[in-house]
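Input: a single structure, listed below in structure tokens.
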Amino acid sequence: MRNRIMLLLTVAFAGLIVWNLKHILLDVPDEARQDAIFRILYFHAPAAIVGLTGFGVGMVFSGVYLATKNFYWDTLAAATTEVSLMLAAINLVTGSIWGRQQWGVWWAWDARLTSMLVCWLIFAGYMMLRRAIEEPDTRARLSAVVSLFGTVNAWFVYKVIEWFPRLQHPGPVLSFRTGGRIDRQLETPFFWMVLVYMILAVVLVMIRMRQESVAREIDSLRRMAHA
Amino acid sequence: MNGNFEYLCYGLVAAWLIVALYVLLLGMRESKLAKELERVRHMVEPRGK
Amino acid sequence: MIFFRQCLTVAAKDLRAEWRTKEALNASLAFSTVILVLFSFALDPNPEMMQEFSGGLLWLVFLFAGALVLNRSFAREMQNDCLDALLASPVPPSGLFLGKALANYALLMTLELMCLVEFGVLFNVRWLGNIGPLLIVMALGTWALTVVGTIFSALTVNLRLREVMLPVLVYPMMVPPMMAAMILTTSLLNGDPLGPGNILWVRVLAGFDVIFTLLGVAFIDTVLVG
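Residue numbers (the numbering used here), protein chains in the order written: chain A, 364 to 590; chain B, 1061 to 1109; chain C, 588 to 813.
Encoded structure:
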């Protein structure tokens, strides 16, 4: 059943990405000042949205683990955070490439990319902590606390870096929040891309979960063997 | 489409390369787990019999 | 009342232990001196440069030297199972956390005041003018470092790679309060008063302090006991 769902989602992902890619590359017109490169927004921003949502969702799962002490939730939290790290990395790399083209530098220390970098570092620390602890109960408990602290901190990071005087975008930026909206016609592929990343994230989390349950089976068999 | 197509390509390739690398990492982890599972199952089976 | 007395008892114990050996204080003071000297070689500071990032430099020194103090906070309890004894005592984990945080705070403030004097001498920075607001900013910023550092010191106490994991976890978390503290300190060291332009950052520091103190008190039980 689970495998069937995963297969279905993978097919949906493949279909949607091909369809959306065609739409983005061929149907969307070039932007006035940025020409073709602005299409990278369709891969850059949805990755940030899904990635940051993933970190928040991971925090919720961590909270549920602490409340129920059921390892399923801890595994889910770790899988979600790991996949979100990947999406955040996509956001950072595409943002860097976009910046290189637009502003001539690989890293412009602008507010949004810097916030994402700090978030990435916080949750990379979370993954490092998990690798450093072998005992499952301790690992789940401590990483849940780090996830909670990290997510609250991520909110602070975003607000504070927004207010920091030196870290402003050196050039024009497309922002939904500050009111600069992109054309209706250009919006649709954006939302489809968010869906594509979400499906990708769900599939990868499901694969990761299956791996974790295999790891737990190995652990219990090993205990049985050494008993 | 003109102008910055080159950088657009770099960006798209980079994004999907990261996904591919992560999937590769998952694949490597999967095979390592499968081997370990086989090994531990062999350890347990003779004792169970 | 009992709770506060318990916190003060724990804080007094830590401070007494530190006073007898002065290990952490000496080590972190020496370390901060070395960092300041290295910074002067790396940056070749002239007055214009110091106007730009005196605050940033100062708080970097506090961060690096402070990690040494914070690491020892729970690590010193590992010998002879002292941590287990503390947890078995009538002091609740939250009392233990606040007591240790208070002790760390006292140590960090002492360290920072000594660093401030050194900094003023080595980099020719006048800080006596705005001493009041500067102390307020140092107090708020140091509490942020203390609270986050203490909870993560408890978290990493049983890990093999404790000395590495503590900075790796703490420094990214310290980005918001450090940014606020650095901006405020730079402007105060340049002679600007704490005014409507600056007050946002004081609020950021205060907000961070309150939220993370509450989080620390709420989760210390989970971290130490389970």
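Backbone N, C-alpha and C fix where the C-beta goes; we use that ideal spot for every residue, glycine too.
Because the structure is a prediction, the values reported are computed rather than measured.
query, result
"Through-space distance from C:Val704 to A:Pro533, alpha-carbon basis", "Confidence at A:Pro533 is low in this model, with a pLDDT of 49, below 50, so the placement of that residue should be treated as unreliable; the coordinate-derived value is given next. Answer to the nearest angstrom: the Cα atoms are 38 angstroms apart."
"Beta-carbon contacts of C:Ile622 that lie in its chain and below 8 angstroms, excluding the five residues immediately before and after", "Leu647, Val648, Phe651 and Ala652"
"Sequence-distant residues of the same chain with beta carbon closer than 7 angstroms to C:Val673, five excluded per side", "Per the sequence shown, the amino acid found at residue 673 of chain C is Leu instead of Val. Here the set comprises Glu664 and Leu683."
"Start-to-end residues for the alpha helix (DSSP H) that takes in A:Arg463", "Phe434 to Trp466"
"Chain B contact for A:Ala452 (CB, 8 angstroms cutoff)", "yes"
"Cross-chain neighbours of C:Ile798 in chain A, by beta carbon under 9 angstroms", "Val515 and Phe519"
"Interface positions of the stretch 1088–1101 of chain B facing chain A (Cβ-Cβ less than 7 angstroms), listed along the chain", "Arg1089, Glu1090, Leu1093, Glu1096, Leu1097, Val1100 and Arg1101"
"Length of the line joining the Cα atoms of A:Arg585 and B:Lys1092", "15 angstroms"
"Straight-line gap, A:Trp483 to C:Ala604 (C-alpha atoms, nearest Å)", "38 angstroms"
"Chain A within 8 angstroms of B:Leu1072, Cβ atoms only", "yes"
"Chain B contact for A:Glu580 (CB, 8 angstroms cutoff)", "yes"
"Simplified DSSP assignment, three categories, for C:Ser641", "helix"
"Proximal chain C residues relative to A:Val456, where beta-carbon distance stays under 9 angstroms", "Per Cβ cutoff of 9 angstroms: no residues; A:Val456 is ~19 angstroms from chain C at best."
"Distance CB(C:Leu727)-CB(C:Asn658) smaller than 8 angstroms", "no"
"Runs of alpha helix (DSSP H) wholly within the stretch 472–525 of chain A (minimum 4 residues, chain order)", "474–495"
"Separation of C:Val751 from A:Ala375, as counted between CA atoms", "43 angstroms"
"Residues that A:Ile562 contacts on chain C, provided the C-beta gap is smaller than 7 angstroms", "Residues of chain C passing the Cβ test: none, with the nearest at roughly 30 angstroms."
"Check: C:Asp779 C-beta below 7 angstroms from any heavy atom of the ligand FMN", "Although the ligand FMN was asked about, the structure shown includes no ligands whatsoever."
"Buried or exposed (CB count within 10 angstroms, at least 16 for buried), A:Ala517", "buried"
"Partner residues on chain C for A:Trp436, Cβ-Cβ distance less than 7 angstroms", "Per Cβ cutoff of 7 angstroms: no residues; A:Trp436 is ~14 angstroms from chain C at best."
"Option in C:Met701, C:Ala675, C:Ala654 and C:Met765 with minimal Cα separation from C:Asp796", "C:Met765"
"C:Val762 to C:Ile723 span [Cα, whole Å]", "19 angstroms"
"Outcome for A:Thr431 when other beta-carbon atoms lying within 10 angstroms are tallied against a minimum of 16", "exposed"
"Buried/exposed call for A:Asn366, threshold 16 Cβ in 10 Å", "exposed"
"At least three beta-carbon pairs within less than 8 angstroms, the stretch 688–697 of chain C to the stretch 732–740 of chain C", "yes"
"Separation of C:Ser774 from C:Val789, as counted between CA atoms", "12 angstroms"
"Same chain only: Cβ atoms within 7 angstroms of A:Asn454, ignoring 5 sequence neighbours per side", "His407, Ala410, Ala411, Gly414 and Met479"
"Candidates B:Tyr1082, B:Glu1090, B:Ala1075 and B:Glu1105, of which the one nearest A:Arg573 by Cα", "B:Glu1090"
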